[in-house]
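Structure record follows, encoded as structure tokens.
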Amino acid sequence: MSNADIKAIEQFLYHEASLLDSPDLERWMALFTEDGTYWLPATEGQTDPLNHISHIYDDRVMMEIRRRNFVHPRAASKDWPVRSSHLLGNIQLRGNNDAGDLVVTCNFHVIMWYREEQRCFAGTCEHHLVSADEGFRIRHKRVDLINPEAPQQSMIIYL
Amino acid sequence: MTTIISTEEIAGLVQPTRLHKRLYLDPEVFELEMQRIWGQAWIFIGHESQVPKPGDYFTTNITHKIPVVMVRDKSGSVHVLHNRCGHKGAKLVESRQGNVRGAFRCPYHGWSFRHDGSLLKVPNEGGYDGTGFDSSDPCYSMQSVAQAESYRGFVFATLSAAAPDLKTWLGGAVDCLDNLCDRAPEGEVEVAGGVLRYEHQCNWKFILENLNDTMHPMVVHQSVVQAAEDYIASLPATAVKQRSEAEIIPPFGSSYEKFEDSGITGFPYGHHYDGGKTSIHADYSVLPAYHEAMVKAYGEERTREIYSFNTHNTLYYPSLTIKTAVQNIRVVRPIAVDRFVVETWSFRLKGAPEEMLQRTLLYSRLINSSAGMVGPDDLEVYRRAQEGLQSSASEWVEFHRQYGRDQQLEDRVVGGGTSDLDMRTQYKAWREYMTGEAFQ
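Top line first, the protein sequences correspond to chains A and B. Under our numbering, the first residue of the first sequence is numbered 1, with each subsequent residue one higher. Under our numbering, the first residue of the second sequence is numbered 160, with each subsequent residue one higher.
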């Protein structure tokens, strides 16, 4: 893999994060493949998204409902602006998985402003990327918090 | 903590159709609640399936502060002990769960205790010879809580020796625990798939008031219901999988009429449920393989009977609320007057296909998760109330709906599904616990 390829992958991850920071869930969702999934596990080292609870495990169905809910004028929890700032680092290419998807991991720090409080999230992300005409699409995004078991406050948007 | 609030003053805070705002705002009222409600009622500790083997333990707090540990001994009995060394008082175990092998061992001076809490060994014990120290005095053991009992695997404990036995305390509301277990082809459930913990920055009573508050879903959850309905309407007829996944949400927008028909039933000690003959969970489709396993275990008629007892939320006041048709529970753990944590646990129906657990977990994720699409809107309105009640505009919160229309039966009170019968039921218990009348 050339330096240009690595640069393109990094740029794609930054672009994805910036759509969450905007927030622009419509364009963010469009980055996922039709069978794409987003996973926020509820425990460290979780291996199973279906037989163990998660904070979020969304396919495109749930992403679509979440997106429509997010912009609905009558959702009281969304009356407050949600602003986030993603900082990605330690980006590493992990090779291809059995499905042939490119596995990329990174560390993230997210500062989030919601309900007049500033909150911090930190952890690691794993992206499974598929090459597409327009660059990449996401088959799977996994977000492992450093404190997935802690009592969480309301999380209004994807990390 | 000594208190300056008199019993008369406490009794005056709860009137037949209104509550004083101090119930939500006053730290002294909260401390009294911890002593008199959480310190007397049967509190849900955990499920026996969380401690399957000898030495397995699970820790929690029975009130906002008092640490306890549920542990299984070598004979298979489950104990609920104070998580406190009989020596200097250090907590014996700190993890949320684990296994202590042969005995609890204090990390401070190495005192050890059997699984039933009795003192096993004091290191270098010669130093106590002739000092008057009596190692058989229970005060030097890990003491048991006043009473602990299990009902179909659900372990409750109370710090009150005066509390009636668990079955008596559960009363007619026990039907819902039975129905949850009966929905398993083998008649037993077990905790599965981990826990979600959701921090709520408001008074603990808001969530209990919300459980059977059937006037809120069509307002608070309107956005997600419309989002789901619009999405479902946009699907082609062939999108069966997408439709079945999305169908969990629309019942939250059920009409006033539908909720009214489901009814509310109240019991002594503050328990209540909405639903019975029907509930907003009644229209969820039944997985064919599950139905087959049920009919094989129970026969067609009994299976229908089990399905037909369809409740929405059941409250075992004040700590446990269960969803029988969904097989998850929420456990309330108060922390301060304006803070508590809700734990969501899911259950596997023994003998049912694994897809049933997956559906339960899907429900917990979408509805009960802090990142769900229902819970955050509920919490938002509780927080608005917590903040709005600081206003000097009024001292009182009202609950008049269908007052005077409740029907008293032998062991229960029944009323309309959109009534405030649930409020009347839980605040009657609040008043009885707080004024010392509950177990007289």
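In this text, a Cβ means the ideal position worked out from N, Cα and C, and glycines have one as well.
Look at B/Leu446: its C-beta is not under 9 Å from any C-beta on chain A.
Ranked by Cα distance from B/His223, the options B/Asn362, B/Val350, B/Pro211 are led by B/Asn362. In this structure, the alpha-carbon of B/Gly353 lies about 6 Å from that of A/Ile53.
A distance below 9 Å separates the beta carbons of B/Phe426 and B/Gly331. In this structure, DSSP gives A/Leu31 a state outside helix and strand, which the three-state scheme calls coil. For B/Lys326, the uninterrupted alpha helix (DSSP H) segment begins and ends at 325–329. Closest in alpha carbon position to B/Ala597, among B/Tyr310, B/Trp201, B/Val399, B/Val350, is B/Trp201. Per the coordinates, the alpha-carbon of A/Gln153 lies some 13 Å from the alpha-carbon of A/Trp113. Using a Cβ distance threshold of 9 Å, B/Ala351 and B/Ser505 count as a contacting pair. For B/Ile196, the three-state secondary structure derived from DSSP is coil. DSSP places B/Pro535 in the uninterrupted alpha helix (DSSP H) bounded by 534–547.
Taken in chain order, the complete beta strand (DSSP E) segments of 3 residues or longer contained in the stretch 371–459 of chain B are 423–425, 431–435.
The shortest CA-to-CA distance from B/Lys482 to any of B/Thr519, B/Gly412, B/Ala386, B/Glu253 is the one to B/Thr519.
Between B/His268 and B/Lys250, the CB-CB gap reaches or exceeds 9 Å. Among the residues of chain A, those whose CB is under 9 Å from the CB of B/Val383 are Ile65, Arg66, Arg68, Asn69, His72, Ala75, following chain order.
Listed along chain A are Asn51, each with a C-beta nearer than 8 Å to that of B/Glu513. Put simply, of B/Lys180, B/Thr176, B/Tyr562, B/Arg571 the residue whose alpha carbon is nearest the alpha carbon of B/Ser550 is B/Lys180.
One finds Arg524 in chain B with Cβ atoms closer than 7 Å to the Cβ of A/Tyr57, taken in chain order. In the three-state reduction of the DSSP assignment, B/Lys587 falls in the helix class, which pools H, G and I. Listed along chain B are Gly353, Leu355, each with a C-beta nearer than 7 Å to that of A/Ala42. Taking a Cβ-Cβ cut-off of 8 Å, the neighbours of B/Val379 in chain A comprise Ala76, given in sequence order.
The beta carbon of A/Ala122 sits no closer than 9 Å to any beta carbon of chain B.
With at least 16 other beta carbons inside 10 angstroms of its own, A/Met155 counts as buried. Among the residues facing chain B, A/Met155 is included, as its CB has a counterpart in that chain under 9 Å away.
If you ignore the 5 residues before and after A/Arg67, its C-beta comes within less than 7 Å of the C-beta of Leu25, Glu26, Met29, all in its own chain and listed in chain order. By the C-beta density criterion, B/Gln199 is buried, having at least 16 other C-beta atoms within 10 angstroms. C-alpha of B/Thr462 to C-alpha of A/Leu159: approximately 43 Å in a straight line. Around B/Tyr183, the same chain offers Asn362, Leu548 as residues with beta carbons nearer than 6 Å, after the five sequence neighbours per side are excluded. For a cut-off of 8 Å, the C-beta gap from A/Asp144 to A/Thr124 is around 5 Å, short enough to register as a contact.
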